[in-house]
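Asker: Have a look at this one before I ask anything.
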Amino acid sequence: MGIWDFYFAALVRAFVESVSLAQTIVFLMVAAVGFFGSRLSDAAHTKVTSGRVALIVLVALLCARFPFAVYGLWDDEHTKRLHAECLLNRAHDARQQRQELVSQKLQSFYVKVEELLHRRITATDWPGWAREEANLAAEMREWVKSNMGDGAAAKLQDMEGGSYDFAPMNPVSGEHVGALNWLNKTANNLAVLQKEPQWDTFKPSTPPECS
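Numbering follows numbering that gives the first Met the number 0, in which position 175 of the sequence shown is assigned residue number 174; successive positions increment by one, without gaps.
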């Protein structure tokens, strides 16, 4: 709102308020004239009931109310601005908090994946390792889909790119090599999901607690 628009709006508000007050005051004055009519001269009668008195009352009230109207209008605008800023800050805080929580969860998955990826196992350890890997895969897939959306879940399971033989880790079988490759790509995908928040398609809601 421009400066002239602001003062014009304040003048309109002051005028409306002054008209209401002036009507009340003039009514009381006329009522007083009627009540004390026998004690007043004709000249006093005429002055009190004339339009000039009503105009003087209105102008006086307008002058008196204008500063209050200016303050009231400023206070309304100030309150609305503070409310808007509060909502924006709450929305920002909610997004920031959600990003931190999602990042922490993805990091915990990343640590588990890396631990499985670099764990040296024997053929005897393989069944237990495979079950642990399958359970972790199901947990990650369900959590990411439920909390970040289908796009993030698809990114997590993106297996494009080259594979490794992992020969230095002495894999126990070809199936073990395939699982290691899956873990390696999953670790890379988790890192991408952490670094690029746009994969999180769920937006946090902001309760309207700002007053």
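Even glycine gets a Cβ: it sits at the ideal position worked out from N, Cα and C. Note that this is a predicted model, so its numbers are computed, not measured.
Just reading off the alpha helix (DSSP H) that Glu174 is part of, what are its end residues?
Answerer: For this step, residue 174 is matched to residue 175 along the sequence shown. Here the alpha helix (DSSP H) through Glu174 covers 173-194.
Asker: Since Val101 and Ala186 should fall inside the 8 Å C-beta cutoff, what is the C-beta to C-beta distance between them, to a whole number of angstroms?
Answerer: Looking up residue 101 in the sequence shown gives position 102. Looking up residue 186 in the sequence shown gives position 187. Not quite, the Cβ-Cβ distance comes to about 17 Å (not below 8 Å), so this is no contact.
Asker: Please identify the residue among Thr78, Arg130, Leu61, Gln193 whose C-alpha is closest to the C-alpha of Met147.
Answerer: In the sequence shown, residue 147 corresponds to position 148, counting from 1. For Met147, the nearest C-alpha among the options comes from Gln193.
Asker: Compute the distance between the beta-carbons of Lys144 and Trp198, then report whether it is under 7 Å.
Answerer: Against the sequence shown, residue 144 aligns to sequence position 145. Against the sequence shown, residue 198 aligns to sequence position 199. Taking 7 Å as the Cβ cut-off, Lys144 and Trp198 do not qualify as a contacting pair.
Asker: Compute the Euclidean distance between the alpha carbons of Ala152 and Asn183, then round it to the nearest angstrom.
Answerer: Along the sequence shown, read from residue 1 onward, the residue named residue 152 stands at position 153. Along the sequence shown, read from residue 1 onward, the residue named residue 183 stands at position 184. C-alpha separation (whole angstroms): 16 Å.
Asker: Taking the straight line between their C-alpha atoms, what separation do you get for Arg80 and Ala8?
Answerer: As a working mapping, residue 80 is identified with position 81 in the sequence shown. As a working mapping, residue 8 is identified with position 9 in the sequence shown. Roughly 18 Å between the two C-alpha positions.
Asker: Would you report the Cα separation of Trp142 and Asp74, rounded to the nearest angstrom?
Answerer: Within the sequence shown, numbered from 1, the residue matching residue 142 stands at position 143. Within the sequence shown, numbered from 1, the residue matching residue 74 stands at position 75. Looking at the two C-alpha atoms, the distance is approximately 47 Å.
Asker: Quick one: is Met139 buried, meaning 16 or more other Cβ sit within 10 Å of its Cβ, or exposed?
Answerer: Mapped onto the sequence shown, residue 139 falls at position 140. Burial of Met139 is indicated by the presence of at least 16 other C-beta atoms within 10 angstroms of its C-beta.
Asker: Output needed for Pro206: all residues of its chain with C-beta closer than 7 Å, excluding positions within five of it in sequence on either side, in chain order.
Answerer: Taking the first residue of the sequence shown as 1, we reach residue 206 at position 207. Below a pLDDT of 50, predicted positions are generally treated as unreliable, and Pro206, at 48, falls in that range; no measurement from the model is reported.
Asker: Can you round the beta-carbon distance between Arg118 and Trp128 to whole angstroms, since I take them to be within the 8 Å contact cut?
Answerer: As a first step, residue 118 must be located in the sequence shown, where it is residue number 119. As a first step, residue 128 must be located in the sequence shown, where it is residue number 129. The Cβ separation is near 7 Å, so the contact holds.
Asker: Look at the alpha carbon of Tyr109 and the alpha carbon of His175, and state the distance between them as a whole number of angstroms.
Answerer: Indexing the sequence shown from 1 puts residue 109 at position 110. Indexing the sequence shown from 1 puts residue 175 at position 176. Answer to the nearest angstrom: the Cα atoms are 19 Å apart.
Asker: Select from Ala83, Trp181, Val11, Ser162 the residue whose C-alpha is nearest the C-alpha of Ala133.
Answerer: On the sequence shown, residue 133 is found 134 positions in, with the first residue counted as 1. When each option's Cα is compared against that of Ala133, the closest is Trp181.
Asker: Tell me the rounded alpha-carbon separation between Arg130 and Ala136.
Answerer: To locate residue 130, count along the sequence shown from 1; it is residue 131. To locate residue 136, count along the sequence shown from 1; it is residue 137. Going from the Cα of Arg130 to the Cα of Ala136 covers about 10 Å.
Asker: Assign Ala13 to one of two classes, buried (16 or more other C-beta atoms within 10 Å of its C-beta) or exposed (fewer than that).
Answerer: As a position in the sequence shown, residue 13 is number 14, starting the count at 1. By the neighbour-count rule (16 or more Cβ atoms within 10 Å), Ala13 is buried.
Asker: What first and last residue would you give for the alpha helix (DSSP H) that runs through Pro126?
Answerer: Stepping through the sequence shown from its first residue, residue 126 is reached at position 127. Here the alpha helix (DSSP H) through Pro126 covers 125-147.
Asker: Relative to the alpha-carbon of Asn188, which residue among Ser162, Met158, Ala166, Asp164 has its alpha-carbon at the smallest distance?
Answerer: Taking the first residue of the sequence shown as position 1, residue 188 is located at position 189. Answer by Cα proximity: Met158.
Asker: Just confirm the distance between the C-beta atoms of Pro167 and Leu179, as a whole number of angstroms; I'd bet it's less than 8 Å.
Answerer: On the sequence shown, position 168 is the one that residue 167 refers to. On the sequence shown, position 180 is the one that residue 179 refers to. The pair is not a contact, with the Cβ atoms about 11 Å apart (cut-off 8 Å).
Asker: Here's the rule: buried if 16 or more other CB atoms are within 10 angstroms of the residue's CB, otherwise exposed. What is Ser17?
Answerer: Your numbering for residue 17 matches position 18 in the sequence shown. Buried, since its Cβ has 16 or more Cβ neighbours within 10 Å.
Asker: By the three-class DSSP mapping on this structure, what secondary structure does Ser17 have?
Answerer: As a position in the sequence shown, residue 17 is number 18, starting the count at 1. Here Ser17 sits in helix by DSSP.
Asker: Helix, strand or coil for Asp75 per DSSP?
Answerer: Position 76 of the sequence shown holds residue 75. Looking at Asp75 - three-state DSSP - the assignment turns out to be helix.
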